[in-house]
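FYI, the working numbering numbers position 193 of the sequence shown as 533, with every residue one higher than the one before it.
A quick write-up on the structure given underneath.
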Amino acid sequence: MLWAAAGVATLGFLIALEGAARRYGVPGPVTHQARELLLAPDSGPLLYGGLALSMVVLTWRQRLVAAGAAVGVDVVFLLVRWAAGAEQNFGNGALWVVLGIAVVAVTRRTGAERLLLLKGTGLGLLLVAGHKTGDTWLLITSKTRPTVLDPYVATADHALGDPSWLAGRIVEATEPVGPFVLHLVYGQLPLAAALVGLYQLRRVAVERRFPAHHLVRTFLVIGLLGPACYLLFPVVGPVYAYGAEGGAWAAAPVWPDTLPTIGVPLPIPFDGITPRNCMPSLHTAWATTLFIHSREGSRAMRCAGTFWLVATLSATLGFGYHYGVDLLAGVVFALTVEAGMRAFARGWDRPAGLLVAYGTTVLTALLLSYRWLPTEMAARPWLFGPLLLLSTASVIHAYLRTTAQWESTAVPPPRRKPQPEPA
């Protein structure tokens, strides 16, 4: 019943976004997804990532068959497009196979086995749909928010010492190696998350059940809830509001060489193209969640998770995509969502409710202070800088203490015997 309700809610959400996109004369996530059944996909690696997640429910023999079928379908599409002189890309085969798993589940399986295959299909499709809905959300933010609040955030960021300006100069000084590595890490965050997610789901095919909680769930929820904050607090980032990327719309072309002057902040108009996707920093939220879940893996995975977190934070600041206060809000947002997802999986109790309520309160307080107290924050960095850091640290401490308590009282689930391979 719960899965049916979640499916209906997701479908309704996608239809609503489709309608919103149509109002601005562009196709929405449903149309984009349907087109990729036949037309050249936007992102082949993303579709194959969705297929990889869907295949966690299959046996190794079935995975080989599914992967071979996906590659075979892609070869056919590539040959047809080559003969027709059409745009080339790959990934159609992956989408066809994901949908094929759903067809097999409905027509050839029953009971728990059917539900397991449908869950796998849903997981793969949600990964792809999440990317499509994110694009639609960003379009909506640029069209519905003609002004941005960057002067408020830039003023508040003085309390932290303007870290984006400092990081921007450091990245420029490390060219070309530094920017190349950071761009690679920043752009491949979904791939790193997929690898950690696949590691967590590696036993699904044997145990014939999903773990109660895993990384992909939190990633999807962060991507779903985060854009709502974009609409409430539209910010484009220093490289656009104060840098060359903003063009004629920039308040002043000073990033990262000259700090903006401290004055009375006011909303500034901005173009209808640039997404208002800074507050909070979802890249920071995703990297924080990746770091948390990588703690459960091997030493190499833990090191990789740490590297990805540090490099992502460096990239968000060094490329001018975010202000320092965005990152603090992103960390608090990530821990609050992660706590809620863990509580949903294990069952709500008083510590879980208090943790989620506290994280929500701190996040709200941060956003309100950025909007209504930026001048005071900039004038007293010796007071507000430590307060911002301590408030974020308090959420981290509360999360670590509560989850440690959960782990100390948790009863490990019984191991299921391997099931015979379905015919």
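Positions of the beta carbon are idealized from the N, C-alpha and C atoms, including for glycine.
Item to check | DSSP beta-bridge partners of L608 | outcome: Inspection of the sequence shows that residue 608 is occupied by Ile rather than by Leu. V488.
Checklist entry - Does the distance from the C-beta atom of A434 to that of D490 stay below 8 Å? => result no
Item to check | Rounded straight-line distance, which links the Cα of V397 to that of W477 | outcome: 31 Å
Item to check | Supposed close pair A442, T461 - CB separation, criterion 8 Å | outcome: 4 Å
Checklist entry - Within 10 angstroms of its Cβ, does C643 collect 16 or more other Cβ (buried), or is it exposed? => result exposed
Next on the checklist: Quick check on the DSSP output: the alpha helix (DSSP H) that includes N429 runs from which residue to which?
Outcome noted: Looking at the DSSP string, N429 is not in any alpha helix (DSSP H), and its letter there is neither H nor E.
Next on the checklist: Could you compute how far the alpha carbon of T652 sits from the alpha carbon of A627?
Outcome noted: 7 Å
Item to check | Distance CB(S634)-CB(G645) smaller than 8 Å | outcome: Yes, the Cβ-Cβ distance between S634 and G645 is below 8 Å.
Item to check | Contacts around L334, its chain only, beta-carbon distance under 7 Å, and the 5 residues preceding and following it disregarded | outcome: Within the shown structure, residues of the chain are numbered from 341 to 763, placing residue 334 beyond reach of any answer.
Item to check | 7 Å CB neighbourhood of H662 in its chain, flanking five on each side removed | outcome: S504, G577, C618, S621, T656
Item to check | Residues of its chain near R454, where Cβ-Cβ distance is below 6 Å and the 5 sequence neighbours each way are ignored | outcome: Result list for R454: A445, in chain order.
Checklist entry - Under three-state DSSP, which class holds S734? => result helix
Item to check | Simplified DSSP state of W364, which is helix, strand or coil | outcome: Reading off the sequence shown, one finds Tyr at residue 364, where the question assumed Trp. Of the three classes helix, strand and coil, the one that applies to Y364 here is coil, per DSSP.
Next on the checklist: Quick check on K483: does DSSP put it in helix, strand or coil?
Outcome noted: helix
Checklist entry - How would you call A763, buried or exposed, if buried means at least 16 neighbouring beta carbons within 10 angstroms? => result Low confidence applies to A763: its pLDDT is 46, below 50, so where it sits in the model is not reliable, and the reading given next is rough at best. Under this definition A763 is an exposed residue.
Checklist entry - Rounded to whole angstroms, how far is the Cβ of R686 from the Cβ of A552, which I believe are closer than 8 Å? => result At roughly 7 Å, the Cβ-Cβ gap stays under 8 Å, so R686 and A552 are in contact.
Checklist entry - Do V735 and Y698 have their CB atoms nearer than 8 Å? => result yes
Checklist entry - Do Y717 and R557 have their C-beta atoms within less than 8 Å of each other? => result Correcting the residue type first, residue 717 is Met in the shown sequence and not Tyr. The answer is no: Cβ separation not under 8 Å.
Checklist entry - What do you get for P516, buried or exposed, if any count of 16 or more other CB atoms within 10 angstroms of its CB means buried? => result exposed
Checklist entry - Rounded C-beta distance between V575 and R616? I'm assuming under 8 Å. => result 6 Å
Item to check | Pick from Y364, T495, V413, V405 that is closest to G603, judged by C-alpha positions | outcome: T495
Item to check | Backbone CA spacing between V493 and L393 [nearest angstrom] | outcome: 38 Å
Next on the checklist: Please give me, in chain order, every unbroken run of the alpha helix (DSSP H) with length at least 4 that falls completely inside the segment 575–619.
Outcome noted: Runs of the alpha helix (DSSP H) inside the segment 575–619: 578–581.
Item to check | Exposure of Q373, with buried meaning 16 or more beta-carbon neighbours within 10 Å | outcome: buried
Item to check | First through last residue of the alpha helix (DSSP H) which encompasses H523 | outcome: 517–527
Checklist entry - Run through DSSP, which three-state label would W688 get? => result coil
Next on the checklist: Helix, strand or coil for L404? Go by DSSP, reduced to three states.
Outcome noted: helix
Item to check | Buried or exposed by the 16-neighbour rule on C-beta atoms within 10 Å, applied to H523 | outcome: exposed
Next on the checklist: In whole angstroms, give me the CA-to-CA distance for P605 and Q402.
Outcome noted: 59 Å
Item to check | C-beta contact flag for Y710 and H623 at 8 Å | outcome: no
Item to check | Whole-Å CB distance - V579 paired with W589, under 8 Å assumed | outcome: Between the beta-carbon of V579 and that of W589 there is about 12 Å, and that puts the pair past the 8 Å contact cut.
Next on the checklist: Give me, in chain order, the residues of the same chain whose beta-carbon lies closer than 7 Å to that of P600; leave out the 5 immediate sequence neighbours on both sides.
Outcome noted: Close CB contacts of P600 within its chain, under the 7 Å cut and outside five residues either way in sequence, are with A494, Y582, A592, V594 (chain order).
Checklist entry - Do the CB positions of V437 and A469 come within less than 8 Å of each other? => result no
Next on the checklist: My assumption, with CB atoms under 8 Å, is that L500 sits in contact with L727. Please give the rounded CB distance.
Outcome noted: Not confirmed; about 11 Å, so no contact.
Checklist entry - Do the segment 416–435 and the segment 374–382 make contact, defined as three or more Cβ pairs closer than 8 Å? => result Output reads yes: the segment 374–382 touches the segment 416–435.
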